[in-house]
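Novice: A single structure is presented below for examination.
Chains as they are written, first to last, in my numbering: chain A, 967 to 1291; chain B, 23 to 347.
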């Protein structure tokens, strides 16, 4: 099969589109013929050797996919050849025509969901969902501030915040991105390349501050939010797209009794499988109701996967980027 | 009346035992004849000008009292002259023979508590209770690590952790303090002047880490705990008795999906009065059954209040220190 391969840790440009052996499904595993792959920010970090996981080369990056069941390994059940599925696997490599994964990691793709939407759903949308439900305990009527609101996981946080019934403030770096976030349901926008973020949050909340902040950006934006939290607020740490990991003087949390909370969706799916399954049911229901619909910005061919990753790591994307083998 | 007076911000030694005019209760206030004063770590910071509040000089420090109602201001209906009461006030003035308090900040002292216990209860025990219940959501069977477990609020956290049904690990700076914490119910002890705290927590939790950490110490002990948290753990920020306010690289929270949570009991009592009232009912219940018992280390006369404050800020206490007019 064809795949996008990392032969040595280094720049994303060094990825090679070449043949790799077809994966063989082991016991309890299923081989999926991939039709769409979701591109995520960490994919670039992984091949550059800057991610916490460091698989042995050669490997394929990518973890998020949708496709059709092509073969069942010994003892695998729950699916039949030809079933439409979506899945997520850390470390097996989804930038390829085929993947073999444990059957338990696959979900049936709802009939009304396209392959592209299925591949765009898990990392971005399920991360935002887990963050806002389990970690942020976001309630209807609370104010949610979403940093990087036009990006893949930011736009999912905007949609899910509205589905839960919160008031959503989208924080973006341009008027165009704010307009995009508002089209996805955001109530307010802050252009933080023009406005002081801390002051703008306080202005929009009558001085109260944010109940919940969804932060996949880090850097200066985190610093501003760490001083603009409401009483009992929850500042959700999702990632550091700005490139700078912030440090928090922890006395800032005292006066407002607020929380800084790490979000790691991948570990959540492994450690809390029942809560993960319940989340997916809610997410699929919101999709059927049209409340949460993955937004696809661009679709690339697998042979052009390098460009797809660079488009995402360059922070130009509005919504998700998908690759098709 | 006699009082311990701060005439200018400076060292604790500069406090003067002298006469101040008797306070007069205003509308909605109660005049209390002080029988016992609880000494708290911030009392020293306040007179040194290192606390967030800076009352105008001259003033008497101190915020935690028990005593007898001796006069009622206009509009006070819930109290009678002669009743035994306790209070933690945000206004200071407790190091004195009399204090005027807002009726809303005063509670009746239950018959099964003496004045010393009443003055020892709120600052230490009320804080630990709020921290572990509302902020830490501590569950029976979880592992609670208490830093400074022999101090006033640490000792309270040990007792309340046991009342909730948690396994409690006491962290102290000497074998003597560990023995004291174990006498209060702690299951395990770590002497962090001898042992690496991070490694010791992992050893005592089979590598899992702490579910909840109660940290009124900060500094190096915080740093060690920030790398020894369990999945979905809660690191409670209560104070900085070590004198160093830690800074947290926020990516540490990601891998274990844990939370760093500020605890501010005073603001909690004002912002969430219903939850505060429910807490006090639970706390009085635990005291009546003997599960929670304020531990009095030493009692000083008011004229020796400087020595009392220095004993607490010198971190030389096991339990609470009380001053009596």
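We put the beta carbon where it would ideally sit given N, CA and C, even for glycine.
Can you name the residues of chain A whose CB is closer than 9 Å to the CB of residue 285(B)?
Specialist: Chain A residues near residue 285(B): 1219, 1220, 1223.
Novice: Compare the beta carbon distance of residue 149(B) and residue 316(B) with 8 Å and say whether it is the shorter of the two.
Specialist: It is not a contact, given that the beta carbons lie outside the stated cut-off.
Novice: For residue 40(B), which residues in the same chain have their Cβ closer than 8 Å to its Cβ, ignoring the five residues on either side in sequence?
Specialist: 24, 25, 27.
Novice: Here's the rule I'm using: 16 or more other beta-carbon atoms within 10 Å means buried, otherwise exposed. How should residue 1191(A) be labelled?
Specialist: So residue 1191(A) ends up on the buried side.
Novice: According to a CB-to-CB cut-off of less than 8 Å, which residues of the stretch 1226 to 1255 of chain A neighbour chain B?
Specialist: Here the close residues are 1226, 1227, 1228, 1229, 1230, 1233, 1234, 1237.
Novice: Count Cβ pairs between the stretch 36 to 50 of chain B and the stretch 282 to 291 of chain B that sit closer than 8 Å; are there 3 or more?
Specialist: In short, these stretches do not touch, since the Cβ pair count stays below three.
Novice: Buried or exposed for residue 256(B), please, with buried defined as at least 16 other CB atoms from any protein chain shown within 10 angstroms of its CB.
Specialist: The residue in question, residue 256(B), is buried, as its Cβ has 16 or more Cβ neighbours within 10 Å.
Novice: Looking at chain B, is there any beta carbon in it that lies within less than 8 Å of the beta carbon of residue 1197(A)?
Specialist: Output row for residue 1197(A): interface = yes.
Novice: If you follow the alpha helix (DSSP H) that residue 1132(A) is in, where does it begin and where does it stop?
Specialist: That residue, residue 1132(A), is in no alpha helix (DSSP H); it is neither H nor E in DSSP.
Novice: In whole angstroms, what separates the C-alpha of residue 208(B) from that of residue 1012(A)?
Specialist: Straight-line Cα distance between these residues: approximately 44 Å.
Novice: Does any residue of chain A bring its CB to less than 8 Å from the CB of residue 165(B)?
Specialist: Cβ-Cβ to chain A under 8 Å: no for residue 165(B).
Novice: Taking residue 123(B) as part of the beta strand (DSSP E), name the residues at either end of that continuous run.
Specialist: Per DSSP, residue 123(B) belongs to the beta strand (DSSP E) from 120 to 124.
Novice: Curious, which full-length alpha helix (DSSP H) runs of at least 4 residues does the stretch 1188 to 1242 of chain A contain?
Specialist: The stretch 1188 to 1242 of chain A contains these whole alpha helix (DSSP H) runs: 1218 to 1221, 1231 to 1237.
Novice: Suppose you measure from the CA of residue 153(B) to the CA of residue 1203(A); what does that come to, to the nearest Å?
Specialist: So the two alpha carbons sit approximately 22 Å from each other.
Novice: Going along the stretch 277 to 308 of chain B in order, which residues come within less than 7 Å of chain A, judged by CB to CB distance?
Specialist: Residues passing the 7 Å Cβ filter: 277, 278, 279, 280, 281, 282, 283, 284, 285, 286, 289, 290, 293.
Novice: Give the C-beta separation of residue 145(B) and residue 217(B) to the nearest angstrom, bearing in mind that I take them to be a contact with Cβ-Cβ under 8 Å.
Specialist: Incorrect: roughly 30 Å between the Cβ atoms, too far for contact.
Novice: May I have the straight-line CA-CA distance separating residue 999(A) from residue 1070(A), to the nearest angstrom?
Specialist: Looking at the two C-alpha atoms, the distance is approximately 17 Å.
Novice: Could you have a look at residue 1247(A) and say whether DSSP puts it in helix, strand or coil?
Specialist: Three-state DSSP puts residue 1247(A) in a helix.
Novice: What span of residues does the alpha helix (DSSP H) with residue 968(A) cover, start to end?
Specialist: From DSSP, residue 968(A) is part of no alpha helix (DSSP H) but of the beta strand (DSSP E) over 968 to 971.
Novice: Since I believe residue 231(B) is in contact with residue 250(B) (beta carbons under 8 Å), could you give me their beta-carbon distance rounded to a whole number of angstroms?
Specialist: Going by Cβ atoms, the distance from residue 250(B) to residue 231(B) rounds to 5 Å, so yes, they are a contact pair.
Novice: Beta-carbon of residue 1203(A) versus every beta-carbon of chain B: anything under 8 Å?
Specialist: By this cut-off, residue 1203(A) is an interface position.
Novice: Would the beta-carbon of residue 328(B) fall within 8 Å of that of residue 344(B)?
Specialist: No, the pair does not count as a contact, with Cβ atoms beyond the cut-off.
Novice: Does any CB atom of chain A fall closer than 8 Å to the CB of residue 121(B)?
Specialist: Not one chain A Cβ lies under 8 Å of residue 121(B).
Novice: Hey, residue 1037(A) and residue 991(A): beta-carbon distance below 8 Å or not?
Specialist: In this structure, residue 991(A) lies closer than 8 Å to residue 1037(A) by Cβ.
Novice: Can you tell me where the alpha helix (DSSP H) with residue 1034(A) in it begins and where it stops?
Specialist: Where residue 1034(A) is concerned, there is no enclosing alpha helix (DSSP H), although the beta strand (DSSP E) it sits in stretches over 1030 to 1038.
Novice: Could you check whether the Cβ of residue 157(B) sits closer than 8 Å to any Cβ belonging to chain A?
Specialist: Yes, residue 157(B) counts as interfacial toward chain A.
Novice: Given residue 104(B), which residues of its chain have a CB within under 7 Å of its CB, disregarding the five upstream and five downstream residues?
Specialist: So the list reads 90, 91, once near-sequence residues are dropped.
Novice: Answer yes or no: does any C-beta atom of chain B fall closer than 8 Å to that of residue 997(A)?
Specialist: Not closer than 8 Å to any Cβ of chain B, the Cβ of residue 997(A) fails to qualify, so no.
Novice: Would DSSP call residue 251(B) helix, strand or coil?
Specialist: The answer is strand: DSSP assigns residue 251(B) an E or B state.
Novice: With a threshold of 8 Å between beta carbons, is residue 269(B) in contact with chain A?
Specialist: So yes, residue 269(B) belongs to the interface.
Novice: Look at residue 1155(A) and residue 1138(A) and say whether their C-beta atoms are less than 8 Å apart.
Specialist: In this structure, residue 1138(A) lies closer than 8 Å to residue 1155(A) by Cβ.
Novice: Here's the rule I'm using: 16 or more other beta-carbon atoms within 10 Å means buried, otherwise exposed. How should residue 244(B) be labelled?
Specialist: Buried: at least 16 other Cβ atoms inside 10 Å.
Novice: Please check the pair residue 263(B) and residue 187(B), which I expect to be a contact at CB under 8 Å, by giving their CB distance rounded to whole angstroms.
Specialist: Between residue 187(B) and residue 263(B) the Cβ distance is about 27 Å, and since that is not below 8 Å, they are no contact.
Novice: What residues of chain B sit near residue 1216(A), judged by a beta carbon separation below 8 Å?
Specialist: Going along chain B in sequence order, the residues near residue 1216(A) (Cβ under 8 Å) are 240, 244, 259, 267, 268, 269, 270, 282, 284.
Novice: Report the CB separation of residue 117(B) from residue 163(B) in whole angstroms; it is logged as a contact under 8 Å.
Specialist: With a Cβ gap of about 42 Å, residue 117(B) and residue 163(B) do not count as contacting.
Novice: Using a Cβ-Cβ distance cut-off of 8 Å, determine whether residue 1008(A) contacts chain B.
Specialist: Not an interface residue.
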